[in-house]
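Working notes for the structure below.
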Amino acid sequence: DVKVTQSSRYLVKRTGEKVFLECVQDMDHENMFWYRQDPGLGLRLIYFSYDVKMKEKGDIPEGYSVSREKKERFSLILESASTNQTSMYLCLTGGIWYEQYFGPGTRLTVT
Amino acid sequence: LAKTTQPISMDSYEGQEVNITCSHNNIATNDYITWYQQFPSQGPRFIIQGYKTKVTNEVASLFIPADRKSSTLSLPRVSLSDTAVYYCLVAGANNLFFGTGTRLTVIP
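In the order they appear, the protein sequences are chains A and B.
Under the numbering used here, the residue at position 31 of the first sequence is numbered 539, and the numbers go up by one with no gaps.
Under the numbering used here, the residue at position 88 of the second sequence is numbered 148, and the numbers go up by one with no gaps.
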């Protein structure tokens, strides 16, 4: 079975804190993606990566950065968390064009 | 870049067939179309995927016309447990776009 894990299911942080969200997959997938999901806005792409040390901005990269030092691990970093970053964060991994799998999600609350 | 458009919500009675259509006018030649189902507080779950014509599995059917500018997810005889948000995704080598999702409510 494909396993995509995210470091936390629920996270509460204070405004201004640096936050790390990690996604790990065991399928040797090239592509990994970070989305945030908000009511009425669907899934919005933050960043994605097609290979180790490669990263590309998605639709809403502002306030976020990413790191992919190993193929199986893709980290989303909130340099200075703000309340408007309170959201559900979902990691997606996939081979070329198909075999896409979501992680369970991290519900982040910034107070 | 292939953006997708779906109806925001749909209602259906139990036992009916439900068809949800997604528009993707700018789909690229090598892009695939995938549909996901999401329940509250869970990540999206894969339902079905196709490239063209019709695909059927034990859960749903996917209809894709020849021009591939739209796709229709068909759920036969829905039950209350099918109440969820359904997302259309167009995925290729260099893009991966979700629609905003369609909230399906199945009514007893």
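For every residue, glycine included, the Cβ atom is placed at its ideal position computed from N, Cα and C.
Exercise. Which residues bound the beta strand (DSSP E) around residue 173/B?
Worked result: As shown, chain B starts at 61 and ends at 168. That puts residue 173/B outside it, with no answer to give.
For this session: Provide the residue(s) that pair with residue 553/A in DSSP beta bridges, ordered along the chain.
Result: 543/A
Exercise. How is residue 117/B classed by DSSP in three states: helix, strand or coil?
Worked result: coil
Problem set entry | Neighbourhood of residue 143/B by C-beta distance below 7 Å, restricted to the same chain and skipping five residues each side | 164, 165, 166
Exercise. To the nearest angstrom, how far is it from the Cα of residue 149/B to the Cα of residue 72/B?
Worked result: 23 Å
Exercise. Three-state secondary structure (DSSP) at residue 516/A?
Worked result: coil
For this session: Can you tell me which of the three DSSP states residue 533/A falls into?
Result: strand
For this session: Taking all protein chains shown into account, decide if residue 520/A is buried (16 or more other Cβ within 10 angstroms of its Cβ) or exposed.
Result: exposed
Exercise. Under 8 Å between C-beta atoms, does residue 612/A make it to chain B?
Worked result: yes
For this session: For residue 81/B, write down the residues that DSSP places opposite it in a beta bridge.
Result: 132/B
Problem set entry | Spatial distance of residue 546/A from residue 93/B (CA atoms) | 23 Å
Exercise. For the region 136 to 163 of chain B, which residues have a beta carbon sitting closer than 7 Å to at least one beta carbon of chain A?
Worked result: 147, 151, 152, 153, 156, 158, 159, 160, 161
Exercise. Thinking C-alpha only, which one of 140/B, 126/B, 84/B, 97/B is nearest residue 75/B?
Worked result: 140/B
Exercise. Does any C-beta atom of chain B lie closer than 8 Å to the C-beta of residue 551/A?
Worked result: yes
Exercise. Is the CB-CB distance between residue 549/A and residue 584/A below 8 Å?
Worked result: no
For this session: With a cut-off of 8 Å on the beta carbons, I'd call residue 543/A and residue 616/A a contact; round off their distance for me.
Result: About 13 Å separates the two Cβ atoms, so there is no contact after all.
Exercise. What does residue 65/B reach in chain A if we use C-beta pairs closer than 9 Å?
Worked result: Chain A residues near residue 65/B: none, gap ~11 Å exceeds 9 Å.
Problem set entry | From 516/A, 511/A, 524/A, 515/A, residue whose alpha carbon lies closest to that of residue 619/A | 524/A
Exercise. By DSSP, does residue 109/B sit in helix, in strand, or in coil?
Worked result: strand
Exercise. Is residue 64/B buried or exposed, if buried means 16 or more other CB atoms sit within 10 Å of its CB?
Worked result: buried
For this session: Could you tell me if residue 131/B is buried or exposed, where buried requires 16 or more neighbouring beta carbons within 10 angstroms of its beta carbon?
Result: buried
Exercise. Closer than 9 Å, Cβ to any Cβ of chain A: which residues of the region 79 to 104 of chain B, in chain order?
Worked result: 90, 91, 92, 94, 96, 98, 101, 102, 103, 104
For this session: Kindly list the residues whose CB is nearer than 8 Å to the CB of residue 98/B, restricted to its own chain and excluding five residues on each side of it in sequence; keep chain order.
Result: 104, 105, 144, 145, 146, 147, 161
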